[in-house]
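In what follows, a structure is listed as structure tokens, so that the remarks can point back to it.
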Amino acid sequence: MRYLPLTDEDRGEMLARIGVGKIDDLFADVPAGKLLPQPPALPSHKSELEVERVLSRMAARNVPAGSVPFFVGCGAYKHHVPASVDHLIQRSEFLTSYTPYQPEIAQGTLQYLFEFQTQVAMLTGMEVANASMYDGSTAAAEAVLMAHRLTKRRKAVLAGNLHPHYRAVIETISAMAGDQVNALPPGPAGAEDVAAALDDQTSCVVVQTPDVFGHLHDLRPLAAKAHAAGVLLIAVVTEVVSLGLVTPPGDMDADIVVAEGQSLGNALAYGGPYLGLFATRQKFVRQMPGRLAGQTVDVDGRRGFVLTLSAREQHIRREKATSNICTNSGLCALAFTIHLTLLGEAGLTRLARVNHANAVKLAEALAKVPGVAVLNDTFFNEFTIRVPGDAAAVVEALAGQRVIGGVPASRLDPGRPELADLIIVASTEVNTDADRAAYAAALAKVLAK
Amino acid sequence: MNEQTITTDVAPETFTGNHALAIEEALIFEIGRPEVTGVDLEEPAAVTARLGGLDRKAPIGLPGLTEPEAVRHYVRLSHRNYGIDSGMFPLGSCTMKHNPRLNEKTARLPGFGDIHPLQPLSTVAGALALIAELARWLRELTGMPAIAMTPKAGAHGELAGMMAIKAALTARGEKRSVVLVPESAHGTNPATAALLGYRVEPVPARGDGTVDPAEVEKHLNPDVAAIMLTNPNTCGLFERDVVAIGEAVHRAGALFYADGANFNATVGKVRPGDLGVDAMHINLHKTFSTPHGGGGPGAGPVALSAALAPFMPVPFVLADAEGVRLVEHPAGVGAYAKPYGRLSAFHGQFGTFVRALTYMLSHGSDGMRQASEDAVLNANYVRAGLRELISQPFGDRACMHEVLFDDRWLDGTGIATLDVAKALIDEGYHPMTVYFPLVAHGAMLIEPTESESKASLDLFIATMRDLAMAAKAGEKARFLQAPRLAPRRRLDETRAARHPVLRWVKPASVAQ
Numbered sequence: 001m002r003y004l005p006l007t008d009e010d011r012g013e014m015l016a017r018i019g020v021g022k023i024d025d026l027f028a029d030v031p032a033g034k035l036l037p038q039p040p041a042l043p044s045h046k047s048e049l050e051v052e053r054v055l056s057r058m059a060a061r062n063v064p065a066g067s068v069p070f071f072v073g074c075g076a077y078k079h080h081v082p083a084s085v086d087h088l089i090q091r092s093e094f095l096t097s098y099t100p101y102q103p104e105i106a107q108g109t110l111q112y113l114f115e116f117q118t119q120v121a122m123l124t125g126m127e128v129a130n131a132s133m134y135d136g137s138t139a140a141a142e143a144v145l146m147a148h149r150l151t152k153r154r155k156a157v158l159a160g161n162l163h164p165h166y167r168a169v170i171e172t173i174s175a176m177a178g179d180q181v182n183a184l185p186p187g188p189a190g191a192e193d194v195a196a197a198l199d200d201q202t203s204c205v206v207v208q209t210p211d212v213f214g215h216l217h218d219l220r221p222l223a224a225k226a227h228a229a230g231v232l233l234i235a236v237v238t239e240v241v242s243l244g245l246v247t248p249p250g251d252m253d254a255d256i257v258v259a260e261g262q263s264l265g266n267a268l269a270y271g272g273p274y275l276g277l278f279a280t281r282q283k284f285v286r287q288m289p290g291r292l293a294g295q296t297v298d299v300d301g302r303r304g305f306v307l308t309l310s311a312r313e314q315h316i317r318r319e320k321a322t323s324n325i326c327t328n329s330g331l332c333a334l335a336f337t338i339h340l341t342l343l344g345e346a347g348l349t350r351l352a353r354v355n356h357a358n359a360v361k362l363a364e365a366l367a368k369v370p371g372v373a374v375l376n377d378t379f380f381n382e383f384t385i386r387v388p389g390d391a392a393a394v395v396e397a398l399a400g401q402r403v404i405g406g407v408p409a410s411r412l413d414p415g416r417p418e419l420a421d422l423i424i425v426a427s428t429e430v431n432t433d434a435d436r437a438a439y440a441a442a443l444a445k446v447l448a449k
Numbered sequence: 001m002n003e004q005t006i007t008t009d010v011a012p013e014t015f016t017g018n019h020a021l022a023i024e025e026a027l028i029f030e031i032g033r034p035e036v037t038g039v040d041l042e043e044p045a046a047v048t049a050r051l052g053g054l055d056r057k058a059p060i061g062l063p064g065l066t067e068p069e070a071v072r073h074y075v076r077l078s079h080r081n082y083g084i085d086s087g088m089f090p091l092g093s094c095t096m097k098h099n100p101r102l103n104e105k106t107a108r109l110p111g112f113g114d115i116h117p118l119q120p121l122s123t124v125a126g127a128l129a130l131i132a133e134l135a136r137w138l139r140e141l142t143g144m145p146a147i148a149m150t151p152k153a154g155a156h157g158e159l160a161g162m163m164a165i166k167a168a169l170t171a172r173g174e175k176r177s178v179v180l181v182p183e184s185a186h187g188t189n190p191a192t193a194a195l196l197g198y199r200v201e202p203v204p205a206r207g208d209g210t211v212d213p214a215e216v217e218k219h220l221n222p223d224v225a226a227i228m229l230t231n232p233n234t235c236g237l238f239e240r241d242v243v244a245i246g247e248a249v250h251r252a253g254a255l256f257y258a259d260g261a262n263f264n265a266t267v268g269k270v271r272p273g274d275l276g277v278d279a280m281h282i283n284l285h286k287t288f289s290t291p292h293g294g295g296g297p298g299a300g301p302v303a304l305s306a307a308l309a310p311f312m313p314v315p316f317v318l319a320d321a322e323g324v325r326l327v328e329h330p331a332g333v334g335a336y337a338k339p340y341g342r343l344s345a346f347h348g349q350f351g352t353f354v355r356a357l358t359y360m361l362s363h364g365s366d367g368m369r370q371a372s373e374d375a376v377l378n379a380n381y382v383r384a385g386l387r388e389l390i391s392q393p394f395g396d397r398a399c400m401h402e403v404l405f406d407d408r409w410l411d412g413t414g415i416a417t418l419d420v421a422k423a424l425i426d427e428g429y430h431p432m433t434v435y436f437p438l439v440a441h442g443a444m445l446i447e448p449t450e451s452e453s454k455a456s457l458d459l460f461i462a463t464m465r466d467l468a469m470a471a472k473a474g475e476k477a478r479f480l481q482a483p484r485l486a487p488r489r490r491l492d493e494t495r496a497a498r499h500p501v502l503r504w505v506k507p508a509s510v511a512q
């Protein structure tokens, strides 16, 4: 077996040195009858070539985003990632290292995490950020738990246009932890009165911009009302590229900003692994979940970095920890930070402008298709259209025309008839004029049937 | 030996501060410029903006680097990291085994890497088939009937499993409030139980480092929801009374959560389902060798017993007589399940699933069993090589895939466990896990994994023996000044925590 260096001769010598006769003598503590006499009933080992054949056959049964005109978003976006990003994250010393618990030989990881934290803080307009969470949705749930700790209240108000999966993640953990959630109904047209739902039991209000239907929101009026009621404002961003062009939540008085970072550096990969961004105010840092890299010096006075404020973490605090999270998304954070370093402010701004322009052009093209209406006044690179009839059937029919046209809103949030004819459509820098023309033509054809 | 002269001997002053291949590297904020970019993009089309006046008003301050500058920056940073590919990484409880590059190749096939979690189901048949196939392998290896695939890491898997337990108890109409956690448990166990509102009750270990069923019986009562037991435990020992413990827990109407962090000792040898386990998370990034990536991403699918099988989070893939299909919402599942909700936005760590299945297909059932046997053999070989020099907290007895030492052998030397770890760095090794588990004083937990050859283990053992003899001979400087040869020497962690500097800030002197 190509991954196992020991030979049978080695094994014999080693058993003798240990002082046992056979390998199962080392398994003597396994209760009687529980040691399997042979391997489980699964296939035996295969060559690289054979394994590649099996997996390539499976992969061929999927339609890759890059192979068709592709317009799906809703929390994960198809972007172009520079070739050097994937090359760099596959360097052995990044790929095969562990959590940097021995900082003297993990300065590479610790420095890029420090740089990542700074980039995330800048991008979100906040003072501090952590070294990443599992994904945007789990970061949102952690933000709610943090707000409960800070306010000593245990009710979250969720804006109706929060991504329904994010809502479900927050509802699940809250129900299990015995906390309250007031999730408002969706408002696909964009306007929502979230502030009316706040009361003196509310710890936080969670609002997304651009929201799941693509609308942009000025959070300042809501932040003012929330703060007056002692409520923290948690802002969710599922398309981080938007921050290259729109006002960041930190500049609109958000207390905690969480985001899905997949768009920069990371493949779609059917939903994971991704990375959650988590940023907040300096004064809240000791209640922040997740790992933090911090700057310090070594005994020779040279600048270096360590994991810090670990007194918040489970391996020290056990049941008193701020979170049970142990793993972050180190390698995804590395891909994110490399891509953002390559872009820089100039590149990110231009990337965001290309995304917006492409979405505007797509909205204009689709609005001309008979029977189709664009719901949004404002959007970044994603908007919602109303089609005659069942949106899910339309999206399937488009797939039959080799156009992946977006997400039927009913797939995210079933059982709401008011969403049944809505499709959420995204357009990024990868889409060409030909892609947009193909979409409009396919949609016209499907709707004409 | 003169303690003061050692560092200057090994790190002579240079003009740049570099030492040949060890090159200092500044922060991107010190070398990048906001107007520079390493990504060429088309000029955006002229359109009427639809931003509603919410366009960004202030500059962000993000630096940019061209591609050659960026590649050099990150390559230099990579030189400051130790990975499995660099050398032996015997970090106990972390299973730092070789990461086959085939896994990286398959995960990047466009049919896996470039598919969206919300694209039409008719375009992802292969993805659903892969999830179902990985779940089938995990069911066979655990002997448990259901696998919840979506948890994103081990601790997230614990949360999923404990939520399943809470949901099952609620469905029974029971409200139990206590979770038993042995003292040797990983810190995530009590943190997870507390997050779900449970009161954590510690169970002490007996003299041999394992849990005594009689002690568990003493803690069991109708208010106990579950026990969270790691097996093999964090002392590297198989819980020999695990079956009796499971039976006692079930008699009391409680459920048995097993922490699967140490599954690498028993894959293909022992099935947790045969031991009475109700839920166990599996760290794909440990046992099935998807890379650790500097601390993530992980993946933590949870195996569930028949009692818990209906209680899993959405989404999940159902594979039965009707074919393979995806269940995305708790409503409308029918008789199949009673999902308790959703744990993350999408389908879990799919890219990690591809890597784990690639690993499994490569090894096969026979190869995984051999890997576990070799992992256990290697740990015991290290134990045999060190046992007369380095003390073990529970005496010299067979261990599983990791061997636990304590610090009694250092008594009177003025050298602590941490110093031994740092001295190993100078010798070219990543240290073992130190000060965990807490039940051993000054713990050193060594997990060589099956990836080490006998020659590699022989050199490691010789190195540890040399260090042990040096410590006993009073060569303190070699330990207290270590590491001397790493890119950084010991870092001031107290200062980092007292005066946290968590981001770069533009120095006042160069502010414009």
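First to last, the protein sequences are chains X and Y.
Heads up, the first sequence is in the numbering used here, so the first residue is 1 and it goes up one at a time.
Heads up, the second sequence is in the numbering used here, so the first residue is 1 and it goes up one at a time.
Glycine included, C-beta positions come from ideal geometry on N, C-alpha and C.
All of these numbers come straight from a predicted model, not from anything done at the bench.
Asked, Found
"Suppose contacts are defined by Cβ-Cβ distances below 7 Å. Is His-80(X) in contact with Val-403(X) by that definition?", "no"
"Kindly say whether Asn-81(Y), judged by its beta-carbon, lies nearer than 7 Å to any beta-carbon of chain X.", "yes"
"Let me make sure I understand the geometry here. Which of Gln-262(X), Asn-182(X), Pro-186(X) has the alpha-carbon closest to that of Val-157(X)?", "Asn-182(X)"
"For a test of the three-state rule: what should DSSP assign to Pro-221(X), helix, strand or coil?", "helix"
"Can Ala-440(Y) and Phe-479(Y) be called in contact, C-beta distance under 7 Å?", "no"
"Can you have a look at Lys-506(Y) and say buried or exposed, based on whether 16 or more other CB atoms are within 10 angstroms of its CB?", "exposed"
"Between Ile-245(Y) and Val-270(Y), which are expected to be in contact by the criterion C-beta below 8 Å, what is the C-beta distance as a whole number of angstroms?", "About 15 Å separates the two Cβ atoms, so there is no contact after all."
"Whole angstroms are fine: how far does the CA of Val-39(Y) sit from the CA of Glu-67(Y)?", "8 Å"
"So Cys-94(Y) packs on Tyr-274(X), CB below 8 Å; how close in whole Å?", "With a Cβ gap of about 23 Å, Cys-94(Y) and Tyr-274(X) do not count as contacting."
"Leaving out the 5 sequence neighbours to the left and right, which residues in its chain are closer than 8 Å to Lys-368(X) when beta-carbon positions are compared?", "Ala-440"
"Just to confirm before moving on: does the CB-CB distance between Leu-418(Y) and Thr-433(Y) stay below 7 Å?", "no"
"What is the DSSP secondary structure of Asn-380(Y), counted as helix, strand or coil?", "helix"
"Along the stretch 424–447 of chain X, where does the CB come closer than 8 Å to a CB of chain C? Name the residues.", "The chain inventory of the structure shown lacks chain C, comprising the protein chains X and Y."
"His-499(Y): buried (16+ other C-beta within 10 angstroms of its C-beta) or exposed?", "exposed"
"So, do the stretch 25–41 of chain Y and the stretch 222–234 of chain X have three or more beta carbon pairs nearer to each other than 8 Å?", "no"
"Is Ala-434(X) closer than 7 Å to Asn-381(X) when the C-beta atoms are compared?", "no"
"Roughly how many angstroms separate the alpha carbons of Gly-154(Y) and Pro-297(Y), rounded to a whole number?", "10 Å"
"In the DSSP assignment, what residue or residues form a beta bridge with Leu-491(Y)?", "Asp-298(X)"
"Which residues in chain X have a C-beta closer than 7 Å to the C-beta of Asn-380(Y)? List them in chain order.", "Ile-18, Leu-26"
"Which residues bound the alpha helix (DSSP H) around Gly-157(Y)?", "154–171"
"Residues in its own chain within less than 7 Å of Met-312(Y) by CB, not counting five upstream and five downstream?", "Ala-146, Ala-148, Ala-164, Leu-304, Ala-337, Pro-339"
"Grouping DSSP H, G and I as helix and E and B as strand, with all else coil, what is Pro-202(Y)?", "strand"
"Look up Gln-4(Y) in the DSSP assignment and say whether it is helix, strand or coil.", "Because Gln-4(Y) sits at a pLDDT of 44, beneath the cut-off of 50, its placement in the model cannot be relied upon, and the following sentence gives the value as read from the coordinates. Three-state DSSP puts Gln-4(Y) in coil, outside helix and strand."
"Between the alpha carbons of Gly-351(Y) and Pro-40(X), how many angstroms are there, rounded?", "25 Å"
"Note down the Cα distance separating Thr-109(X) from Ala-293(X), rounded to an integer number of angstroms.", "9 Å"
"Look at the alpha carbon of Leu-21(Y) and the alpha carbon of Leu-77(Y), and state the distance between them as a whole number of angstroms.", "12 Å"
"Pairing CB atoms from the stretch 122–139 of chain X with CB atoms from the stretch 249–263 of chain X, are three or more of them under 8 Å?", "yes"
"May I ask which residues mark the beginning and end of the alpha helix (DSSP H) holding Tyr-82(Y)?", "Note, Tyr-82(Y): premise wrong, no alpha helix (DSSP H); not H, not E."
"When the Cα atoms are used, what is the spatial distance from Pro-301(Y) to Ser-372(Y)?", "20 Å"
"Look at the Cβ atom of Ala-159(X), then the Cβ atom of Val-258(X), and state whether they are nearer than 7 Å.", "no"
"Taking Cβ-Cβ distances shorter than 9 Å, what residues in chain Y pair up with Lys-34(X)?", "Val-242, Val-243, Val-270, Arg-271, Asp-274, Leu-275"
"Consult DSSP for Ala-426(X) and reduce its assignment to one of helix, strand or coil.", "strand"
"With 9 Å as the C-beta to C-beta threshold (strictly closer), list the residues of the stretch 319–344 of chain Y near chain X in chain order.", "Glu-328, His-329, Pro-330, Ala-331, Gly-332, Tyr-340, Gly-341, Arg-342, Leu-343, Ser-344"
"So who's on the other strand from Leu-229(Y), going by DSSP bridges?", "Ala-258(Y)"
"Report all residues from its chain with a CB closer than 6 Å to the CB of Leu-309(X); omit the five preceding and five following residues, and keep chain order.", "Leu-292"
"Which runs of the beta strand (DSSP E) at least 3 residues long sit entirely within the stretch 320–370 of chain Y? Give them in chain order.", "323–327"
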